[in-house]
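Numbering (my numbering), first residue to last: -19 to 599. The beta carbon of each residue, even a glycine, is placed where N, CA and C say it ideally should be. As the structure is a prediction and not an experimental result, all values here were calculated from the model. To keep things clear, I will list the structure first and then write my remarks on it.
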């Protein structure tokens, strides 16, 4: 895991080495173990290294023997040993034991097709001096980020936008993305929240020459015809078990101490259980909370004891509001509204005190179609068969009870009511409702005028136009893999872990497993309404029974109590909100309702504060 940066001069003028150094050093948090640059007239590659494989060698940027190919690489190629054997048979000689040198020779042997042979996560830049060609590539699922921008005849690229600002690129928010951010809480690729800065989409690569820039895809999420979805349950279980175990085996390859995040959840527990088949020296990390409703240490200890891990745990407190806001702004260059960043920072900082790499359960909900929203989609198809008058009566009853409630039961009833009412809407409307952090009918009052802001509906039309599925369950699977997984979940994991110089590896995101599960019927993934059935059937039998029965929990920062009218108006006044055409009176009213515990607008208000404070940092 590392940070990369670079400059390509399309006019052929030499690269400014000082600017390249500044770009590279701005990413020092991503790679504290080493730094280097490569220059060849119109191209400059920079690299910050976090050494995991072959720490004593493998420095980057790396060049081949005749200096015809250079690479700057962020990530890990997990099947590098197998590829190394194959390349040796083709006559290639190796000077190191690093996966970077495998990338170097793989490109020499197979050209751009080498990307299809990699099992891993990556953002990489390859300079082919023979053909005067630059290749910029991002891994299949988007685990590693890659940004790029053009300025004055130069193409800039880097792991994070802060490298562009170190170069001198103007830092200006792109107001076209405002509504998309206010609904989703992030700006998805190929866009960013900065003018002129774009994100390379997952599974894509750029070919850059003096003739211009071409974008291609080396992988895309499989869209198996619904009539061809697999239903051979036992064979699916066997294949899933094999691929999941092999993914864990590959991701345990490391030349430095490593471990695993261990919550009280099914995903992380399953990974820890299977890690024990390949090592008897496993480190596990758990953070606990004083609030027992969020604390899962007892369940994590059961798993740690059962599989004999070296278990570390720490009780963390709720950070101060100011500290949480400032830290989030430092980690993310552009506004990023997922408040689960806050506990994620805490577990990464704790783990990084002991190891340099961890395995995580990220991607489990996407690959296994395990989110509650999948249950809602299945439920909706049954609920629509209930007579209309009966549905209205049910919804009226739930609404009446919710209107007189307070606290957690009220929030739960509001969510139930939302699911019931959403069944009458189109899939896109339901997706908007699920994705948004505030009821969409508030937006006409929140935004005084939309100006140049692109409507969220236009963005979803663009994304879903390529979706071939008819069943809403599979449409949701498509959206999760194409948008929310790379642009929200994996963006969060990358920035948070890199802020602590910690590498996170996700066994659920092995492309073989993703491809296999993309073709499995929803009735096998979720018989009835049982979430993550395959994982329960295959791994659950060796896990503590208490864990299998435990409700899903997670730590959400106390935004309901943090943000009231007084807090909100202290950080966001009429002038600062006016820069975004936001109605200060309406937002203050939402903050008041949130603070009184009548509705949960906490995460949305948090997003608005990040937006306003981010602009103040720019100013």
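Taking the alpha-carbon positions, what's the residue i to residue j distance?
| i | j | result |
| --- | --- | --- |
| residue 219 | residue 262 | 25 angstroms |
| residue 209 | residue 455 | 14 angstroms |
| residue 249 | residue 531 | 14 angstroms |
| residue 92 | residue 84 | 11 angstroms |
| residue -7 | residue 338 | 42 angstroms |
| residue 414 | residue 353 | 8 angstroms |
| residue 38 | residue 15 | 12 angstroms |
| residue 517 | residue 370 | 36 angstroms |
| residue 510 | residue 231 | 28 angstroms |
| residue 54 | residue -15 | 10 angstroms |
| residue 357 | residue 349 | 11 angstroms |
| residue 466 | residue 502 | 22 angstroms |
| residue 177 | residue 389 | 43 angstroms |
| residue 283 | residue 477 | 24 angstroms |
| residue -1 | residue 26 | 10 angstroms |
| residue 281 | residue 271 | 17 angstroms |
| residue 513 | residue 203 | 22 angstroms |
| residue 403 | residue 189 | 50 angstroms |
| residue 367 | residue 374 | 11 angstroms |
| residue 599 | residue -11 | Unreliable placement is indicated for residue 599, whose pLDDT of 42 sits below 50; the coordinate value is still reported in the next sentence. Going from the Cα of residue 599 to the Cα of residue -11 covers about 29 angstroms. |
Determine the extent of the alpha helix (DSSP H) in which residue i is found, giving its start and end residues.
| i | result |
| --- | --- |
| residue 493 | 491 to 498 |
| residue 251 | 246 to 255 |
| residue 513 | 513 to 518 |
| residue -8 | Run containing residue -8: none; DSSP gives neither H nor E here. |
| residue 263 | Taken as a continuous stretch (DSSP letters only), residue 263 belongs to no alpha helix (DSSP H), being part of the beta strand (DSSP E) at 263 to 269. |
| residue 571 | 564 to 575 |
| residue 473 | 470 to 479 |
| residue 228 | 213 to 231 |
| residue 526 | 525 to 529 |
Do the CB positions of residue i and residue j come within less than 8 angstroms of each other?
| i | j | result |
| --- | --- | --- |
| residue 443 | residue 423 | no |
| residue 72 | residue 115 | no |
| residue 63 | residue 82 | yes |
| residue 22 | residue -5 | yes |
| residue 472 | residue 318 | yes |
| residue 224 | residue 253 | no |
| residue 481 | residue 30 | yes |
| residue 122 | residue 411 | no |
| residue 435 | residue -3 | no |
| residue 175 | residue 127 | no |
| residue 418 | residue 581 | yes |
| residue 10 | residue 109 | no |
| residue 426 | residue 567 | yes |
| residue 474 | residue 2 | no |
| residue 431 | residue 155 | yes |
| residue 330 | residue 265 | yes |
| residue 59 | residue 99 | yes |
Let me know the secondary structure DSSP gives residue i once reduced to three states.
| i | result |
| --- | --- |
| residue 593 | helix |
| residue 275 | coil |
| residue 193 | strand |
| residue 436 | helix |
| residue 16 | strand |
| residue 403 | coil |
| residue 622 | Because the chain in this structure spans residues -19 to 599, residue 622 falls outside the shown range and cannot be described. |
| residue 581 | coil |
| residue 129 | strand |
| residue 187 | strand |
| residue 174 | strand |
| residue 283 | helix |
| residue 461 | helix |
| residue -13 | strand |
| residue 142 | helix |
| residue -1 | helix |
| residue 506 | coil |
| residue 416 | coil |
| residue 448 | coil |
| residue 599 | Low confidence applies here, because residue 599 scores a pLDDT of 42, under 50, leaving its location unreliable; read the following figure in that light. The answer is coil: DSSP assigns residue 599 none of H, G, I, E or B. |
| residue 162 | helix |
| residue 427 | strand |
| residue 179 | strand |
Would you give the residue range spanned by the beta strand (DSSP E) that residue i belongs to?
| i | result |
| --- | --- |
| residue 135 | 134 to 138 |
| residue 238 | 238 to 241 |
| residue 483 | 483 to 485 |
| residue 292 | 290 to 296 |
Does residue i have its Cβ less than 8 angstroms from a Cβ in chain D?
| i | result |
| --- | --- |
| residue 488 | Annotation note: the requested chain D is absent from the structure, which comprises a single protein chain. |
Query raised in the report: Taking the runs of the alpha helix (DSSP H) that are 4 residues or longer, which of them lie wholly in the region 311 to 372?
Result: 321 to 331, 344 to 347, 352 to 363
Query raised in the report: Of all the alpha helix (DSSP H) runs that stay within the bounds of the region 49 to 116, which reach a length of 4 or more residues?
Result: 60 to 69, 79 to 90
**Report entry** Complete beta strand (DSSP E) runs within the region 21 to 45 (minimum length 3 residues, chain order)
**Finding:** 23 to 29
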